[in-house]
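Respectively, the protein sequence lines represent chains C and Y. So for the first sequence, my numbering puts the first residue at 3; every next one is plus one. So for the second sequence, my numbering puts the first residue at 3; every next one is plus one. Glycine residues also receive a C-beta, built at the ideal position from the N, C-alpha and C atoms. Have a look at the structure below, then the notes.
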Amino acid sequence: MTSIAKPPVRHPGLPRNSLGLTTRDYEGAMSTLCAGCGHDSVTAAIVQAFWELAVPPHRAAKMSGIGCSSKTTAYFMKGSHGFNSVHGRMPSVTSGANAANRDLTYIGISGDGDSLSIGLGQMCHAIRRSVRMLYVIENNGVYGLTKGQFSASSDIGSTSKRGEANVQPPIDPCLLALTLGATFVARGFSGDKAQLVPIIKAGLKHNGFALIDVISPCVSFNDHEGSTKSYKYTREHEVEVSAADFVPLRREIVAPNSPEATMTVTMHDGSSVRFRKTHDSYDPTDRDAAYQHVRNCTVRGEVATGLLFLREDENDMHAMSRTVPTPLVDLPFESLCPGASALDALMDEFR
Amino acid sequence: MRPTDVTDPHHYHKVVDCQYACPAHTNVPEYLRLIAQGRYSDSYMLNRESNVFPGILGRTCDRPCEPACRRGRVDGKPVAICRLKRVAADLRDDITDRLPKAPSEKNGKRLALVGAGPASLTVANDLMPLGYDVTIFEKYDKAGGLMRFNIPAFRLPAAVLDDETNYIIDMGVSVRFGTSVTSMKALLAEGYDAVFVGSGAPKGKELDLPGRHNGNAKDVIHIGIEWLGSVHFGHIEKIEPRVLIIGVGNTAMDCCRSAKRLGATDVKVVARRSRPHFKASPWELEDAEEEKVEIVENHAPRTFIHENGKLVGMEFERLEWSEVGGKPTSAVVGTVTIPCDSVILAIGQDNAFPWIERDIGIEFDQWGMPAVDKTTMQSTHPEVFFGGDAAWGPQNIIWAVEHGHQAAVSIHQFCQGLSVADRQPFGMNLVSAKLGMHAWSYNNDYNPSPRSKMQHEELVKRFSGIGVEVELGFTPEQTATEVERCLNCDIETHFASKLCIECDACVDVCPVSCLTIAPPADNEASLRTRLTAPAENLTQDVYVSDALPQTKRVMVKDEDICLHCGLCAERCPTAAWDMRKFELVIPYAFAETRPMVAAV
């Protein structure tokens with residue numbers, strides 16, 4: 003909480019995007035999360051990414067479930083659509099929303115509790131369906147809202163604030179997503195916006211399900227010595243296995259075209275992601291190699307970050323379902339609901 | 003780049019733009035907060051400590067604080083600091099028992115002060131409590147100097163002047179009214195321990211053009227400050243209908259508005275240059291125009307025109323200005339005659355020291371100005387100090403007050419046999435403003451209200467007499483709003499780098515994008531371009547912290563438009579950011595025993 007709302011004054015030199023908006027226009031309500039919460043930094047990164055992409059706020063939908071992480075959607079883009087769903091059910095609600103209106107930009111915000119415990123099945127199937135959305139897990143390895151129990155992403159040996167060590171193995175959402183066929187898998191850190199913002203932008207432009215697992219420290223219950231999801235631990239153990247720059251379509255490329263650039267992946271709208279080489283032999287388009295690499299980092303006690311895996315040529319949910327290009331909400335009623343005789347004709351096909 | 007040293011009061015002092023710009027370094031944010039709390043007497047007393055004449059300055063100050071005010075950079079209009087000062091003065095209770103008092107036992111040192119204007123009165127104010135025996139020599143029969151004789155009563159009522167000059171004189175200053183000092187040599191021979199010259203710049207500049215002394219010139223062509231003096235004393239009670247004022251400084255504004263009250267119907271102020279170059283304060287120009295005074299730009303006077311022994315007009319050259327080699331240059335594009343019955347010359351003032359002998363050790367330069375040390379106010383004669391307009395020519399009242407404070411420090415040092423150059427530096431107090439979770443000892447919310455507009459007396463009423471005060475002062479509602487426009491720049495954002503965990507919360511929450519966690523930079527110029535929002539105002543400092551514990555980056559704060567809302571401190575999980583109330587400890591002569599705390 004804060005004693006006052008953010009004053010409605012901005013820096014006179016604040017740049018404007020192609021819509022004439024400043025980053026202040028992409029903000030939401032004042033955060034009521036704990037001071038120093040990593041989630042607020044993720045919020046700021048999302049604000050920055052949407053502003054840089056010049057997404058009109060009313061053409062985006064913010065989806066969430068339950069938990070500290072799921073409060074985040076209130077704190078950015080107050081002019082956007084939003085749905086705060088039942089615990090863990092955000093992926094399904096987003097699938098439905100996307101089915102009805104494929105033209106909106108969907109961002110779902112979840113946490114390690116919402117996604118890896120109660121909503122694990124929901125998330126897995128959204129990945130399988132390749133719902134076109136950016137799925138952000140604000141992962142702090144702890145149930146902060148219920149005062150600090152271990153979560154499904156707590157590492158073995160990581161201690162609670164009172165010193166007790168966790169004994170159950172963690173679920174790594176990135177490894178899980180790679181096995182389920184996800185086409186965009188990334189890990190970021192709330193304390194490193196330089197890395198996170200381009201990944202969010204690329205994820206928002208991805209033609210399918212884009213997962214970003216963001217290590218987002220809980221300052222109140224999981225930022226102590228012995229925690230493996232603290233600011234300090236993450237900074238000391240982070241290994242950036244791939245560095246990605248997002249290059250938007252139809253804009254002069256200002257990112258340095260350095261000899262480091264090893265690989266470019268073109269997105270479906272013509273924009274591209276350019277990977278800079280940070281790690282020998284890392285290929286972010288090879289699913290098996292990516293899995294092995296992330297797994298090796300985990301075994302060494304390292305946190306692999308960056309855009310870990312990207313495939314842009316797979317089908318999303320609408321392609322698989324062979325829906326019409328026009329969003330269903332925009333179809334005339336007669337086409338959407340062609341009547342009893344059309345239904346009868348369809349039923350006859352199955353007889 | 004080296005980290006910013008916030009243990010030196012300079013950094014935080016400069017953040018308080020108004021206080022930094024004020025020659026006397028008045029603690030503006032604190033006295034505004036006291037007004038907000040309805041503590042008018044406390045506000046007045048705090049004001050008085052540095053500027054000595056809050057009631058007078060609340061009406062007449064040149065307000066260097068207001069163009070400097072951060073609020074002006076935030077929403078275009080500074081806080082109406084000056085007129086709020088007047089609110090505290092107008093609404094104060096009787097504060098006589100809180101004024102400094104002279105000790106019953108004198109310290110045996112005798113001082114002579116020449117002129118009873120703001121500079122000399124400040125010297126007396128600062129040194130009387132220390133037991134000095136102070137004598138002021140004043141040519142006229144009342145105290146105040148220029149403040150009384152050159153500022154018309156419709157801007158500054160006599161009662162306000164009487165109150166504030168008497169506060170000082172009533173400490174037991176011996177004032178010899180109606181006594182001109184005619185010989186410095188004789189004055190020094192009277193055995194004073196020190197002499198302070200605060201006699202102002204009393205000589206109005208002459209304009210020797212053809213016709214200046216022809217016909218009825220003696221009666222209808224006046225020198226501005228002399229004419230204002232004559233009006234003050236009642237020697238002049240009316241003026242001809244058509245009046246030209248030559249010059250466009252604040253004296254010209256007082257002349258044109260006074261002329262309007264003495265029967266002139268057509269008053270024009272004629273300036274050589276265009277409006278942006280006028281010396282008069284913008285608000286004084288506005289007030290004059292409200293009274294239907296016409297301002298004529300780009301006209302240079304050439305001749306006074308007389309017919310049948312009577313002034314009938316003035317001829318002017320019309321000028322066009324351009325920049326030649328970076329210097330403004332004028333070209334004459336024609337001549338024009340403006341008819342008039344009277345002319346008032348308000349083109350500046352000179353110093354005049356015919357009474358100071360040139361062979362007694364006081365050095366003068368080729369322009370007849372004394373050689374005075376900028377810091378100590380001491381002349382080349384060790385016993386003689388100068389201040390106010392007498393030191394370096396016309397400035398404003400608040401500068402005269404500051405000169406008085408500095409001269410008082412010097413005189414006190416000198417009379418104790420100490421070096422006048424040995425002066426205390428500024429000190430500071432820095433105390434956390436935190437009262438609890440998200441509770442501060444100041445109102446940190448941003449008030450978006452526009453600047454309050456001063457109410458003026460109706461035109462008809464204000465011309466009924468020269469003593470009808472034009473500005474009515476702020477209403478209670480205006481006061482309540484205007485004080486809340488202050489951004490509390492003295493509540494400083496204080497950073498403890500060793501506590502920072504680099505969570506970015508402060509950077510993310512700052513409404514005006516003034517914080518950045520950046521890699522260390524070699525120099526400030528490159529750092530300024532790499533911030534969340536570019537720091538392009540080079541007059542404002544950039545704060546740079548020590549290396550942060552986790553990544554060795556640095557916290558950078560552009561001080562330019564910080565709102566002092568405290569959100570950085572509220573969102574900081576480790577209290578690395580704190581809001582701390584900064585108090586500049588100014589070394590006055592009378593406060594020599596006050597502790598200087600440089601607590602950080």
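Could you check what DSSP says for residue i in three-state terms: helix, strand or coil?
{"i": "M255 (chain Y)", "result": "helix"}
{"i": "Q552 (chain Y)", "result": "coil"}
{"i": "W579 (chain Y)", "result": "strand"}
{"i": "I225 (chain Y)", "result": "strand"}
{"i": "D562 (chain Y)", "result": "coil"}
{"i": "R530 (chain Y)", "result": "helix"}
{"i": "F592 (chain Y)", "result": "helix"}
{"i": "F416 (chain Y)", "result": "helix"}
{"i": "N86 (chain C)", "result": "strand"}
{"i": "L330 (chain C)", "result": "helix"}
{"i": "D352 (chain Y)", "result": "strand"}
{"i": "F603 (chain Y)", "result": "Outside the shown range of chain Y, which is 3 to 602, sits residue 603 (chain Y), and nothing can be said about it."}
{"i": "W323 (chain Y)", "result": "strand"}
{"i": "T307 (chain C)", "result": "strand"}
{"i": "V270 (chain C)", "result": "One detail in the question is off: residue 270 (chain C) reads as His in this sequence, not Val. Of the three classes helix, strand and coil, the one that applies to H270 (chain C) here is coil, per DSSP."}
{"i": "P59 (chain C)", "result": "helix"}
{"i": "A188 (chain Y)", "result": "helix"}
{"i": "E473 (chain Y)", "result": "strand"}
{"i": "I241 (chain Y)", "result": "coil"}
Starting from residue i, follow its DSSP beta bridges and name the residues at the other end.
{"i": "Y145 (chain C)", "result": "C:Q151"}
{"i": "G190 (chain C)", "result": "C:V216"}
{"i": "G429 (chain Y)", "result": "Y:V587"}
{"i": "S5 (chain C)", "result": "Paired residues: none, contrary to the question."}
{"i": "H308 (chain Y)", "result": "Y:L313"}
Classify residue i as buried or exposed, calling it buried when 16 or more other Cβ atoms lie within 10 Å of its own Cβ.
{"i": "T477 (chain Y)", "result": "exposed"}
{"i": "G249 (chain Y)", "result": "buried"}
{"i": "R61 (chain C)", "result": "exposed"}
{"i": "G327 (chain Y)", "result": "exposed"}
{"i": "P450 (chain Y)", "result": "exposed"}
{"i": "E51 (chain Y)", "result": "buried"}
{"i": "T337 (chain Y)", "result": "exposed"}
{"i": "L230 (chain Y)", "result": "buried"}
{"i": "P219 (chain C)", "result": "buried"}
{"i": "T62 (chain Y)", "result": "buried"}
{"i": "I255 (chain C)", "result": "The pLDDT assigned to I255 (chain C) is 48, lower than 50, so where the model puts this residue is not dependable; a value taken from the coordinates is nonetheless given after this. That one is exposed."}
List the endpoints of the continuous beta strand (DSSP E) containing residue i.
{"i": "V249 (chain C)", "result": "E240 to V249"}
{"i": "S344 (chain Y)", "result": "S344 to L347"}
{"i": "V269 (chain Y)", "result": "D268 to V272"}
{"i": "R289 (chain C)", "result": "Careful: R289 (chain C) lies outside any beta strand (DSSP E), inside the alpha helix (DSSP H) at R289 to V301."}
{"i": "G336 (chain Y)", "result": "K329 to P341"}
{"i": "D135 (chain Y)", "result": "D135 to F139"}
{"i": "M65 (chain C)", "result": "A62 to S66"}
{"i": "R278 (chain C)", "result": "S274 to R278"}
{"i": "A70 (chain Y)", "result": "A70 (chain Y) -> not in any beta strand (DSSP E); alpha helix (DSSP H) instead, spanning C67 to A70."}
{"i": "A76 (chain C)", "result": "It is not in any beta strand (DSSP E) - A76 (chain C) carries neither H nor E in the DSSP assignment."}
Looking at the unbroken alpha helix (DSSP H) that takes in residue i, where does it start and where does it end?
{"i": "T483 (chain Y)", "result": "P478 to R487"}
{"i": "M439 (chain Y)", "result": "Here M439 (chain Y) belongs to no alpha helix (DSSP H), and DSSP marks it neither H nor E."}
{"i": "L34 (chain Y)", "result": "V30 to A38"}
{"i": "S94 (chain C)", "result": "M92 to A102"}
{"i": "S323 (chain C)", "result": "M319 to S323"}
{"i": "V245 (chain Y)", "result": "Looking at the DSSP string, V245 (chain Y) is not in any alpha helix (DSSP H); the run it does join, the beta strand (DSSP E), is R244 to I248."}
{"i": "A202 (chain C)", "result": "According to the sequence provided, residue 202 (chain C) is Ile. The question's Ala does not apply to it. I202 (chain C) -> alpha helix (DSSP H) spans K195 to K207."}
{"i": "A571 (chain Y)", "result": "L569 to E572"}
Which residues in chain A have a C-beta closer than 7 Å to the C-beta of residue i? List them in chain order.
{"i": "I6 (chain C)", "result": "Absent from the structure is chain A; the protein chains it does hold are C and Y."}
Beta strand (DSSP E) runs contained entirely in the region 112–142 of chain C, provided each spans 3 or more residues | 135–141
What runs of the beta strand (DSSP E), each 3 residues or longer, lie entirely inside the region 375–414 of chain Y?
-> 386–388
Completely contained beta strand (DSSP E) runs for the region 96–180 of chain Y, where each covers 3 or more residues = 112–116, 135–139 and 176–178
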